[in-house]
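Counting along the sequence shown from 1, when you hit position 72 you're at 72 in UniProt numbering, and nothing is skipped either side. What follows is one structure encoded as structure tokens, with my remarks underneath.
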Amino acid sequence: MGRTPCCDKKGLKKGPWTPEEDELLVAYIKKNGHGSWRSLPKLAGLLRCGKSCRLRWTNYLRPDIKRGPFTLEEEKLVIQLHGILGNRTVTEYSVCSEALLG
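This is the structure:
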């Protein structure tokens, strides 16, 4: 017994996102918020599945994503937190991530 598929995948586009698709997704989310990722693609006029839209937004398009290299202070903080937390689980990674954002 498996999980329900995220979409029926018929007629959906795969592969790299175009700048036009990015613009549609950003414009829709700015106007309406993301709400239900499953229904968002159709409402935004995209031929993508909800999971693809969610990942594109979360990993590439969110305006609060910090890009570029770490600052010297951030690098020192990562090394300090690694010294305290060591090589552990995702939970500790989340602590490190929150410390960098805060």
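Cβ atoms here follow ideal geometry from the backbone N, Cα and C, with glycine treated the same way.
When the beta-carbon positions are compared, residue 12 and residue 48 come within less than 8 Å of each other. The C-beta of residue 63 has fewer than 16 other C-beta atoms within 10 Å across all chains shown, which makes the residue exposed.
Scanning 75, 43, 94 and 72 for the CA closest to the CA of residue 21 turns up 43. Nearest Cα to residue 101 within the set 16, 10, 26 and 71: 71. DSSP places residue 17 in the coil class of the three-state scheme, outside both helix and strand.
Around the beta carbon of residue 41, a 10 Å sphere encloses 16 or more other beta carbons of the protein chains shown; the residue is thus reported as buried. Between residue 95 and residue 85, the C-beta spacing is below 8 Å. For residue 27, the closest C-alpha among the options 87, 80, 76 and 53 is that of 53. Assignment of residue 58 by DSSP, reduced to helix, strand and coil, places it in the helix class.
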